[in-house]
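> Numbering (the working numbering), first residue to last: 15 to 146.
Where is the CB? At the ideal position from N, CA and C, for every residue including glycine.
Computed from a predicted model, the values in this text were never measured in an experiment.
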Ligand SMILES: [Zn+2]
Ligand SMILES: [Zn+2]
């Protein structure tokens, strides 16, 4: 019984992440999940996010400014553009050569599971970061 409920919670959380392209925080996932599962707790959301991340189904993005972690459903490798003004997190393609580097040939590396590249700046909506 408990197992079934946990699986359902996990499925709802995964659906939210796969349908979102805004890289929600755990709190945002929690608010969305409550529409479907009114009794779900924030702790349960965190637990499931950690589980899904460890399974490789979800990717956790830790902003370099120390803000809240953002989450997304795992899909093809990509880099992130992070706007320092409005906190927008956009998917951008990995620079062409990066996907071709054979990191495994470097001393001390046996396998690469993720390339986590952050590009920091101002998004077009923030107009080059002109401070007001
Ligand atoms: Zn912005
Ligand atoms: Zn992304």
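Is it right to say residue 107 is buried, meaning 16 or more other beta carbons lie within 10 angstroms of its own, or is it exposed?
The count along the chain shown starts at 1 and reaches residue 107 at position 93. Residue 107 is exposed by the Cβ-count criterion.
> Report the residue from 126, 32 and 19 whose alpha carbon sits nearest the alpha carbon of residue 89.
On the chain shown, residue 89 is found 75 positions in, with the first residue counted as 1. For residue 89, the nearest C-alpha among the options comes from 32.
> Do you know offhand how far residue 35's Cα is from residue 87's?
Reading the chain shown from its first residue, position 21 is the one you call residue 35. Reading the chain shown from its first residue, position 73 is the one you call residue 87. Spanning the two alpha carbons is a distance of roughly 9 Å.
> Would you call the stretch 107–121 and the stretch 50–58 touching, i.e. three or more CB-CB distances under 8 Å?
With a cut-off of 8 Å, the stretch 50–58 and the stretch 107–121 do not count as touching, because too few Cβ pairs lie within range.
> Just curious, the beta strand (DSSP E) that residue 93 is in, first and last residue?
Counting from one through the chain shown, the residue named residue 93 turns up at place 79. 93–97 is the span of the beta strand (DSSP E), which, as asked, contains residue 93.
> Using alpha carbons as the reference points, say which of 121, 78, 112 and 125 lies closest to residue 103.
For the purposes of this step, residue 103 is taken as the residue at position 89 of the chain shown. It is 78 whose Cα lies nearest to the Cα of residue 103.
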